[in-house]
Ligand SMILES: *Cc1c(COP(=O)(O)O)cnc(C)c1O
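Numbering (our numbering), first residue to last: 17 to 371.
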């Protein structure tokens with residue numbers, strides 16, 4: 017990993033807007049920090065990025081991504097350690113994943129220095145915006161858009177890469193109730209399920225709205241052929257504790273390779289717990305629940321960290337799990353992960369990047 021310092025032109029805001037924020041009452045995704053980073057791609061190469069005050073974009077209505085959705089994004093977080101230094105959690109993994117998304121969406125790969133060093137300098141400039149209270153962080157949103165002014169259908173030639181950041185409060189971590197979806201599909205072989213493409217989210221809105229009306233929080237997506245094998249919950253990876261093993265779907269082109277997923281697997285293996293990455297059927301989960309072997313279930317993602325699932329509904333079968341407060345694995349993982357992210361524990365895997 018290179019540690020070159022990119023020469024980025026920085027235009028600072030005249031007066032910080034930080035007073036807009038009620039530090040004790042941060043609403044996720046409502047406030048954006050003082051600055052943003054923008055880089056343009058044209059004529060086959062990336063121009064040097066610029067950091068400037070957060071501002072609205074001025075784009076032609078014919079801009080490609082408005083029509084055809086050639087757009088991808090990432091989600092990263094920075095956490096303040098006890099000395100007030102922001103630590104960015106595993107940004108190299110997000111960088112590599114963004115480039116996998118870019119390739120599949122016929123978009124240019126982002127150079128490491130623009131993504132990593134650009135993010136580092138942006139977070140450093142806006143470090144006052146990284147909250148310090150328990151369970152808070154700065155959410156970092158890199159994204160890329162196709163910006164040709166052309167409504168003919170073809171891969172674009174001009175792109176914009178942007179990073180914005182937003183203070184994130186403690187995640188409202190009530191356990192969630194899950195509905196097993198066997199009508200709509202999130203991902204299928206040869207599709208874009210493994211990418212963070214905007215369209216994956218757009219298509220999930222309607223099915224999610226439907227199950228929310230029915231009183232559930234999130235969807236457990238199943239495969240598109242038999243609706244038999246589980247994939248992900250909502251926009252998170254999913255884990256089950258069956259007996260003394262932890263199981264999670266194996267990575268295919270239908271599963272988003274979560275950074276939190278990988279961190280959880282690593283922490284579990286470090287502790288000597290068996291983790292199986294494999295196909296998991298609804299039948300297996302129902303049988304494990306019946307026999308009392310299904311002990312815990314949780315989603316993982318940057319936004320929610322670890323999201324416990326207290327109930328799993330498949331047709332008429334409402335499977336209730338044991339009380340979340342008694343869970344050993346998910347509760348331990350949540351604390352362990354937080355200790356690494358906030359720099360309270362030695363970072364043996366080299367996961368955190370100091371700004
Ligand atoms: C972003 C995302 C995840 C979680 O990935 P993390 O890197 O852990 O944040 C899981 N599933 C989907 C569909 C996602 O878009």
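Cβ atoms here follow ideal geometry from the backbone N, Cα and C, with glycine treated the same way.
Reduced DSSP secondary structure (H/G/I, E/B, other) of residue i
i           : result
residue 253 : strand
residue 221 : helix
residue 441 : There is simply no residue 441 to check, as the chain begins at 17 and stops at 371 in what is shown.
residue 81  : helix
residue 18  : The predicted position of residue 18 is uncertain, since its pLDDT is 48 and thus under 50; a value taken from the coordinates is nonetheless stated next. Note: residue 18 maps to coil in three-state DSSP.
residue 282 : helix
residue 317 : strand
residue 92  : strand
residue 227 : helix
Heavy atom of ligand 1 within 7 Å of residue i beta-carbon
i           : result
residue 356 : no
residue 277 : yes
residue 73  : no
residue 350 : no
residue 293 : no
residue 252 : yes
residue 3   : In the structure displayed, the chain extends from 17 to 371; residue 3 sits before or after that span and is not available.
residue 272 : yes
residue 181 : no
residue 318 : yes
residue 212 : yes
residue 207 : no
For residue i: DSSP bridge partner residues
i           : result
residue 86  : According to DSSP, which records beta bridges pairwise, residue 86 is partnered with nothing at all.
residue 173 : Partner(s): none; residue 173 has no beta bridge.
residue 358 : In the DSSP output, where bridge partners are listed per residue, residue 358 has none listed.
Residue i to residue j span [Cα, whole Å]
i           : j           : result
residue 48  : residue 300 : 44 Å
residue 24  : residue 137 : 8 Å
residue 366 : residue 279 : 11 Å
residue 209 : residue 267 : 11 Å
residue 265 : residue 165 : 41 Å
residue 370 : residue 72  : 29 Å
residue 18  : residue 124 : Residue placement at residue 18 is poorly supported in this model, since its pLDDT is 48, which falls under 50; the coordinates are not used for a value here.
residue 332 : residue 28  : 58 Å
residue 356 : residue 287 : 15 Å
residue 353 : residue 91  : 17 Å
residue 317 : residue 254 : 9 Å
residue 51  : residue 34  : 11 Å
residue 339 : residue 326 : 7 Å
residue 324 : residue 284 : 16 Å
residue 344 : residue 256 : 12 Å
Original post:
Contact between the stretch 38-47 and the stretch 111-121: three or more CB pairs below 8 Å?
Top reply: no
Specify whether the stretch 56-71 and the stretch 100-111 touch according to this definition: at least 3 beta carbon pairs, one from each stretch, less than 8 Å apart. no
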